[in-house]
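Input: a single structure, listed below in structure tokens.
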Amino acid sequence: MNKEVRVRFAPSPTGGLHLGGVRTVLYNYLFAKKLGGKFIVRIEDTDQSRFVPGAEEYIFDTLEWCGLIPDESVRHGGAYGPYRQSERKASYRPYAEQLVASGHAYYAFDTPEELEKMRQEFKTADNPSPQYDHTLRMQMHNSLTLSAEETAALLAAGTRHVIRIRMPEKETVSFTDMIRGQVSFDTSLVDDKVLLKADGMPTYHLAVVVDDYAMRISHAFRGEEWLPSAPVHILLWKYLFGMEQMPQWAHFPLILGPSGKLSKRDGAKYGFPVFAMNWTDPKSGEFTEGFREKGFLPEAFINLLALLGWNEGTEQEIYSLEELVQKFSMERVHSAGAKFDYEKAKWFNHEWIKQSGAGRLEAGVRNLLTENGLTVSDDKMLEKVIELVKDRCTLLPDFVQQAGFFFRRPEQFDIAAIKPKWNEAKQLFFAELIRNYELHPDWEAHTLENNFKEIAAANELKPGELMLPLRIMLVGGKFGPGVFEIAALLGKQETLKRMEICLGMMNNE
RNA sequence: GGCCCGUUCGUCUAAGGGCUAGGACACCACCCUUUCACGGUGGUGAUACGGGUUCGAAUCCCGUACGGGCUACCA
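Read in the numbering used here, the first sequence has -2 at position 18, and its numbers run on one by one without any break.
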């Protein structure tokens, strides 16, 4: 009795995937996995003029980075292919013709110029965007206004034409949205949408219904921007396949930027990533920054997206993908749009870095260090360094500053930070400290600290005033973890070397 | 303009008729730490407005305002 749960994400390969897109994928995925269903990716490339090379690959790379692996797709195969609409082109026309035959659609021969003329002609202050609808269709160039013979002749001559749905008048179309409850529309107010374009390709409206049927989609989820065209889709289901076959719908709230629906431009404008991964438009050359390159962990990215519009009802905020699958439910998706908050996004990443083991972070950190000209030769060392500094890193690139000095002697020392309080007594203290450390047997943080404090006490100096200078000597600046931990990890030779270099600089100044 | 959706701290949200409106981010203060963080404690801060329904409303209904989306042979 229960249909198998099958959901689909149906992106148009026109560019990178932004926050909202990935969240739509995520909710689809979570819903499917929670119910033991299938997650399908279908490429909606019915608009050939908007084809962008590389966009499809980008989409799949993003899904892989996020760990949201489709069960069926162009890449992953499946029994309901092909999963690219351009390759299903032949399947759409018959349905459109069927609708014409049953009186629910008609041929329209209006040229783009004629349409433009109509819009200008009927445009008024009260009606700034005239629609091709029941009020106007009898004034247009279509099979409703032409005789059957004229229409047949035009068709036989291969005249360019589209097929439009004939929206009924004065009907109320309603459906139950899983998030919003019942939503109703008056069909008199909906226009006669094009179903089949002049190039023989379907529009989204026809394709989504035909393919959702063909692929046995049980639940159809998409962004709220699709809500206004829902009545068209509902009617197509009714005319073509029957309402009992129709999937259940849910329209996700939009993710808003600082001003309205989040756009890729908002990123550059307000200084945060909008796409999942870096993307450069091959035509315009426009670059849009991605969360991955910005230094986000996919776990954090998924986590923050999940909580942008959904919550379990508890105070938990950190969830792994597995946990999300277990706890997600469509009923708890919020109905109002959510404004994206980059500060909170960073907090999620910081939390994930803190709770990740060095092993999880190692590869990424190593790449970052290498990219910055730092060589990691000792894996054990890298592991310890990561554990030591990860609490201080919000984004992955923070590791370059926080961990870099372990792998390369600083080129600059922030001498200005200690110079004003420098004096003979401190000079002597460090000379003695070096002598002491040279003879130091075990080189462990706590004994280094003990010796440091003993010598300070013997010279009647406050340890606190000596720790910053030591830090500058080892790190180069006022940052990093505990200074004796650093010395311990750096090793005796390198620690003494850095102290001597710095002390020399102090003398020469 | 029309249609649709929405409205709890600045932001993400909890509370699905009974109350000191809870949590998180951010911010502020203090503690810890003589770096910076982490951590800990505390604080500022919200039910858009007006009507109903009810013993009682953030919660249900209506209106207003405001916000957003759609209004292509784009998705």
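Beta carbons are placed, not taken as given, at the ideal position from N, Cα and C, and that holds for glycine.
As the structure is a prediction and not an experimental result, all values here were calculated from the model.
Ordered along the chain, which non-local residues of its own chain (more than five positions away) have a Cβ less than 7 Å from that of residue i?
i: Ile466; result: Leu454, Val455, Gly460
i: Arg64; result: Ile23, Asp25, Val54
i: Thr139; result: Phe89
i: Val5; result: Phe(-11), Leu43, Leu48
i: Thr131; result: Tyr87, Ser123
i: Ala405; result: Asn439, Leu441
i: Leu446; result: Lys406, Phe409, Ala436
Do you know how far the Cα of residue j is from the Cα of residue i?
i: Lys69; j: Asp378; result: 49 Å
i: Trp526; j: Ala318; result: In the structure as shown, the chain starts at -19 and stops at 489, and residue 526 therefore has no counterpart that could be examined.
i: Val313; j: Pro227; result: 18 Å
i: His114; j: Arg146; result: 8 Å
i: Glu44; j: Tyr417; result: 50 Å
i: Ile398; j: Glu434; result: 22 Å
i: Ala76; j: Lys244; result: 35 Å
i: His330; j: Thr350; result: 22 Å
i: Arg99; j: Thr183; result: 21 Å
i: Trp402; j: Arg478; result: 17 Å
i: Thr(-9); j: Leu375; result: This sequence places Pro at residue -9; Thr is not what is there. Whole-angstrom Cα-Cα distance: 29 Å.
i: Leu10; j: Phe308; result: 6 Å
i: Asp90; j: Tyr38; result: 37 Å
i: Ser490; j: Asn107; result: Residue 490 cannot be examined here, being either before or after the span of the chain that is shown, -19 to 489.
i: Gly247; j: Leu341; result: 26 Å
i: Asp261; j: Gly251; result: 19 Å
i: Met(-19); j: His199; result: Any answer about Met(-19) is weak, because its pLDDT of 39 lies below 50 and its placement is not dependable; what the coordinates show is given next. The alpha-carbon atoms of Met(-19) and His199 are separated by roughly 16 Å.
i: Lys360; j: Gly203; result: 47 Å
i: Tyr60; j: Ile197; result: 11 Å
i: Ala12; j: Met158; result: 15 Å
i: Leu278; j: Cys46; result: At residue 278 the sequence reads Pro, which differs from the Leu that was named. Spanning the two alpha carbons is a distance of roughly 5 Å.
For residue i, count the other beta carbons within 10 Å of its own beta carbon; 16 or more makes it buried, fewer makes it exposed. Which is it?
i: Met223; result: exposed
i: Ala35; result: buried
i: Lys97; result: exposed
i: Met118; result: exposed
i: Pro208; result: exposed
i: Phe281; result: buried
i: Ile235; result: buried
i: Lys274; result: buried
i: Pro238; result: exposed
i: Leu135; result: exposed
i: Ala437; result: exposed
Of the residues the options, which one's Cα is nearest the Cα of residue i?
i: Met486; options: Gly(-5), Glu418, Phe393; result: Phe393
i: Glu283; options: Asp179, Arg415, Ala437, Ala325; result: Reading the sequence as shown, one finds Asn at residue 283 and not Glu. The residue with the shortest Cα to Cα distance from Asn283 is Ala325.
i: Gln28; options: Asn430, Thr(-6), Leu6, Arg3; result: Thr(-6)
i: Lys249; options: Met257, Lys263, Phe267; result: Phe267
i: Val188; options: Gly180, Leu175, Asp179; result: Leu175
i: Gln225; options: Glu(-16), Gln111, Leu469, Gly471; result: Glu(-16)
i: Glu311; options: Pro62, Gln100, Ser164, Arg160; result: Arg160
i: Trp229; options: Gln162, Glu303, Gly457; result: Gln162
i: Asp191; options: Ile49, Trp217, Asp172; result: Trp217
i: His185; options: Pro390, Val2, Ile214, Gly61; result: Ile214
i: Gly83; options: Thr152, Glu204, Leu220, Val305; result: Leu220
i: Ile395; options: Leu15, Glu295, Ala425, Gly457; result: Gly457
Can you look up residue i in the DSSP assignment and give me helix, strand or coil?
i: Lys442; result: coil
i: Tyr86; result: strand
i: Ala256; result: coil
i: Val54; result: coil
i: His121; result: coil
i: Ile143; result: strand
i: Lys319; result: strand
i: Phe31; result: coil
i: Ile23; result: strand
i: Val463; result: helix
i: Ser209; result: helix
i: Thr183; result: coil
i: Glu480; result: helix
i: Met(-19); result: Since pLDDT at Met(-19) reaches only 39, below the 50 mark, its modelled position is unreliable, and the value read off the structure follows with that caveat. Met(-19): coil per DSSP, three-state reduction.
Give me, in chain order, the residues of the same chain whose beta-carbon lies closer than 8 Å to that of residue i; leave out the 5 immediate sequence neighbours on both sides.
i: Asn8; result: Val(-13), Arg(-12), Phe(-11), Phe19, Phe201
i: Phe102; result: Pro110, Leu116
i: His420; result: Thr427, Leu428, Asn431, Lys472
i: Gln381; result: Phe459
i: Ile143; result: Ala76, Glu77, Leu79, Val80, Ala85, Tyr86, Tyr87, Ala88, Val174, Leu175, Leu176
i: His141; result: Tyr87, Ala88, Phe89, Leu134, Leu135, Ala178
i: Leu470; result: Phe386, Leu454, Arg478
Go through its chain and collect everything with a Cβ distance to residue i's Cβ below 6 Å, but skip five positions before and after it.
i: Asp358; result: none
i: Ser168; result: Glu149, Lys150
i: Arg451; result: Val463
i: Arg346; result: Val356
i: Gly484; result: none
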